[in-house]
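Chains as they are written, first to last, in my numbering: chain F, 231 to 529; chain E, 113 to 429.
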């Protein structure tokens with residue numbers, strides 16, 4: 231999605247000369263949407279990872295006597311779940327799982343996709359054709375289906391979830407980076423380096439990938455957002471990390487049985503948390519895209 | 113056009129072949145293999161060896177792959193471990209229902225998203241544009257199951273006007289006979305898609321607004337209505353058609369979640385139940401069918417796109 235918040239109009243008076251990175255950072259922070267996303271993400275990280283220190287709760291043992299307490303009762307700000315665990319504390323612990331898996335899987339996918347796409351685009355010819363048909367085949371299989379199949383084969387833990395999601399969602403970055411690599415490989419600086427006897431490896435890792443870094447970074451944030459959603463889907467469908475560990479999707483899935491009892495605190499906090507964290511990453515991605523894409527600046 | 117068609121169809125065939133390789137390899141990572149699945153966990157090693165020999169599972173991988181593919185070509189997707197039925201007949205029963213669900217919710221989504229995108233594109237940076245953009249942003253970040261749950265809470269619990277359970281009929285006619293039960297599942301799918309579709313439409317309209325032909329039409333004194341509907345709308349539909357092709361896997365994933373929430377008897381629910389019981393023939397058969405459907409869908413989208421827009425034809429040649 232493109233950012234709709236207007237990027238700042240560059241002032242008419244001669245601006246002091248700044249380097250491209252400084253300029254990018256400045257543009258990023260001038261983008262209200264991006265800053266909102268960054269602040270939101272920082273708050274969510276604080277909530278999940280520092281929150282348990284401020285609001286310590288027992289998320290391992292069940293307290294059946296205190297099951298399904300309404301918010302505010304017996305010092306549980308967001309009530310308790312169906313086995314008496316504090317929902318606010320659970321939201322923090324579950325968020326840790328969601329964020330850890332989402333961020334690590336998103337980065338892994340970006341890494342695999344970038345190398346795959348850069349090699350395919352740079353090499354060209356039949357190798358490129360084969361590599362890209364593999365990508366097409368992968369894209370044809372919906373990631374959620376593949377994830378559920380994998381979850382029945384490998385017992386879902388944080389590590390396996392990261393590896394599996396990373397291995398099924400690298401296809402889009404591969405396509406994007408390949409397109410960049412195709413145009414970069416014929417550029418003069420790559421040709422010059424090759425003429426000086428540089429290796430293919432050097433071309434891919436020192437020239438193609440660094441020059442495609444804008445696309446890579448922007449895509450990485452969207453990858454993380456998508457990975458967090460995927461984790462939530464898998465857990466919601468009952469094939470996520472095993473209890474007592476949890477994540478936001480599993481919490482929601484747990485609360486679904488109590489829809490008719492009006493226990494809203496078992497459904498809405500987790501759902502809203504997912505929306506907030508995914509929106510935060512998407513906002514950051516939009517902001518980064520605006521600061522990398524020189525063409526669109528001032529639009 | 114013929115060369116373009118031949119090349120594109122050839123690519124699709126290669127992709128389908130690769131998909132069969134992926135599914136075949138997955139079939140081989142399944143713990144215990146088909147013998148354990150059919151004979152059960154208490155089967156002796158000798159029984160498993162006999163079973164494997166009888167079914168050719170002790171031959172080399174390429175040989176087994178060849179057996180697998182020739183089975184596929186005869187419509188043989190194996191038999192379910194738990195439902196005592198062939199996978200192809202199970203899928204045959206379920207797939208029309210999933211197509212009805214995704215088809216109708218995509219149709220509803222397009223009917224809302226196209227006018228919405230045009231409206232937003234023309235009033236870019238206006239107050240309504242910001243408002244809708246924010247809504248779309250939130251919609252994009254909302255998991256389909258949360259959306260479905262909110263719909264259930266609002267329309268089935270707070271204001272009880274719609275049933276939560278989807279119709280359980282065996283036939284399509286039976287499905288439509290109980291059409292009130294279809295409303296919530298279709299609505300959930302449609303809202304999720306509107307967020308994505310309207311975004312595409314908005315940016316397509318924005319691109320078109322800057323085109324020479326729009327300026328020419330305006331210079332010739334064409335009415336605003338004519339410019340919008342004849343020039344901008346029609347030209348913005350090409351990227352929408354292409355997008356539909358790429359969105360197919362997303363739509364099928366959405367159907368999987370929606371079907372499991374509303375207990376809608378389609379492919380998604382079949383798949384979900386199979387995942388709970390580790391019924392691998394169903395799981396992998398469904399993956400294969402959905403992947404082939406996606407390949408065919410994006411092939412059709414590409415051909416349609418080349419058909420309506422000569423510029424695309426030139427670019428792909």
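Note that CB positions come from ideal geometry on N, CA and C, so glycine has one too.
Given a cut-off of 8 angstroms on the beta-carbon distance, is the pair residue i and residue j in contact?
{"i": "residue 359 (chain E)", "j": "residue 306 (chain E)", "result": "no"}
{"i": "residue 138 (chain E)", "j": "residue 379 (chain F)", "result": "yes"}
{"i": "residue 485 (chain F)", "j": "residue 496 (chain F)", "result": "yes"}
{"i": "residue 379 (chain E)", "j": "residue 348 (chain E)", "result": "no"}
{"i": "residue 381 (chain F)", "j": "residue 464 (chain F)", "result": "yes"}
{"i": "residue 476 (chain F)", "j": "residue 280 (chain F)", "result": "no"}
{"i": "residue 261 (chain F)", "j": "residue 517 (chain F)", "result": "yes"}
{"i": "residue 300 (chain E)", "j": "residue 256 (chain E)", "result": "yes"}
{"i": "residue 287 (chain E)", "j": "residue 212 (chain E)", "result": "yes"}
{"i": "residue 373 (chain F)", "j": "residue 407 (chain F)", "result": "no"}
{"i": "residue 341 (chain F)", "j": "residue 350 (chain F)", "result": "no"}
{"i": "residue 331 (chain F)", "j": "residue 371 (chain F)", "result": "no"}
{"i": "residue 511 (chain F)", "j": "residue 271 (chain F)", "result": "yes"}
{"i": "residue 357 (chain E)", "j": "residue 293 (chain E)", "result": "no"}
{"i": "residue 462 (chain F)", "j": "residue 504 (chain F)", "result": "yes"}
{"i": "residue 248 (chain E)", "j": "residue 311 (chain E)", "result": "yes"}
{"i": "residue 534 (chain F)", "j": "residue 175 (chain E)", "result": "Any question about residue 534 (chain F) goes unanswered here, given that chain F covers just 231 to 529."}
{"i": "residue 296 (chain E)", "j": "residue 264 (chain E)", "result": "yes"}
{"i": "residue 415 (chain E)", "j": "residue 115 (chain E)", "result": "no"}
{"i": "residue 383 (chain F)", "j": "residue 389 (chain E)", "result": "no"}
Which of helix, strand or coil does DSSP assign to residue i?
{"i": "residue 115 (chain E)", "result": "helix"}
{"i": "residue 288 (chain F)", "result": "coil"}
{"i": "residue 217 (chain E)", "result": "helix"}
{"i": "residue 350 (chain F)", "result": "helix"}
{"i": "residue 191 (chain E)", "result": "strand"}
{"i": "residue 429 (chain F)", "result": "coil"}
{"i": "residue 415 (chain E)", "result": "helix"}
{"i": "residue 312 (chain F)", "result": "coil"}
{"i": "residue 172 (chain E)", "result": "coil"}
Looking at C-alpha atoms only, which residue of the options is the closest neighbour of residue i?
{"i": "residue 319 (chain F)", "options": "F:514, F:427, F:265 and F:288", "result": "F:288"}
{"i": "residue 298 (chain E)", "options": "E:225, E:219 and E:254", "result": "E:219"}
{"i": "residue 493 (chain F)", "options": "F:511, F:310 and F:469", "result": "F:310"}
{"i": "residue 507 (chain F)", "options": "F:468, F:459 and F:475", "result": "F:459"}
{"i": "residue 303 (chain E)", "options": "E:327, E:228, E:343 and E:113", "result": "E:228"}
{"i": "residue 291 (chain F)", "options": "F:328, F:357, F:303 and F:315", "result": "F:315"}
{"i": "residue 209 (chain E)", "options": "E:371, E:168 and E:124", "result": "E:371"}
{"i": "residue 200 (chain E)", "options": "E:214, E:183 and E:215", "result": "E:183"}
{"i": "residue 387 (chain F)", "options": "F:473, F:347 and F:304", "result": "F:473"}
Would you mind telling me which residues of chain F sit closer than 8 angstroms to residue i, beta carbon to beta carbon, in chain order?
{"i": "residue 141 (chain E)", "result": "383"}
{"i": "residue 365 (chain E)", "result": "372, 373, 374, 375 and 463"}
{"i": "residue 384 (chain E)", "result": "378 and 467"}
{"i": "residue 372 (chain E)", "result": "467"}
{"i": "residue 134 (chain E)", "result": "367, 368 and 371"}
Answer yes or no: the CB of residue i versus the heavy atoms of the ligand GTP, is any distance below 7 angstroms?
{"i": "residue 265 (chain F)", "result": "Here there are no bound small molecules, and the ligand GTP is not part of this structure."}
Residues of chain B with a CB under 8 angstroms from the CB of residue i: which are they?
{"i": "residue 354 (chain F)", "result": "Structure shown: chain B not included; protein chains present are F and E."}
Strictly below 8 angstroms CB to CB, what residues from chain E border residue i?
{"i": "residue 363 (chain F)", "result": "123, 126, 127 and 130"}
{"i": "residue 433 (chain F)", "result": "Under the 8 angstroms cutoff, chain E gives no residues; its nearest Cβ is about 27 angstroms from residue 433 (chain F)."}
Please list the partners that residue i has in chain E, where partner means a Cβ-to-Cβ separation under 9 angstroms.
{"i": "residue 333 (chain F)", "result": "Here the premise fails: no neighbours, minimum Cβ distance about 16 angstroms."}
{"i": "residue 489 (chain F)", "result": "261, 264, 265, 268, 269 and 276"}
{"i": "residue 508 (chain F)", "result": "252, 253, 254 and 255"}
{"i": "residue 482 (chain F)", "result": "255, 257, 258 and 261"}
For residue i, which residues in chain F fall below 9 angstroms Cβ to Cβ?
{"i": "residue 368 (chain E)", "result": "372, 374, 375, 378, 463 and 467"}
{"i": "residue 399 (chain E)", "result": "371, 372, 375, 376 and 379"}
{"i": "residue 361 (chain E)", "result": "369, 370, 371, 372, 373, 374 and 375"}
{"i": "residue 138 (chain E)", "result": "376, 379, 380 and 383"}
I want to verify the contact list: residues of chain F whose CB lies under 7 angstroms from the CB of residue i, in sequence order.
{"i": "residue 407 (chain E)", "result": "370"}
{"i": "residue 163 (chain E)", "result": "In chain order: nothing, as chain F lies at least about 20 angstroms away."}
Could you name the residues of chain E that residue i contacts, counting a contact when the two beta carbons are closer than 7 angstroms?
{"i": "residue 486 (chain F)", "result": "261"}
{"i": "residue 407 (chain F)", "result": "None at all; the shortest Cβ gap to chain E is about 17 angstroms."}
{"i": "residue 459 (chain F)", "result": "255"}
### Task
Quick one: which unbroken alpha helix (DSSP H) runs of 4-plus residues sit fully inside the region 272-340 of chain E? Chain order, please.
284-289, 292-321 and 324-331
### Task
Could you pull out every unbroken beta strand (DSSP E) segment of at least 3 residues lying fully inside the region 449-526 of chain F, listed in chain order?
none
#### Entry: alpha helix (DSSP H) runs wholly inside the region 357-413 of chain E, at least 4 long, in chain order
Listed in chain order, they are 379-388.
### Inside the region 382-419 of chain F only - alpha helix (DSSP H) runs reaching at least 4 residues
388-398 and 401-414
### Task
Taking only runs that begin and end inside the region 202-261 of chain E, name each unbroken alpha helix (DSSP H) of 4 or more residues, in chain order.
239-253, all fully within the region 202-261 of chain E.
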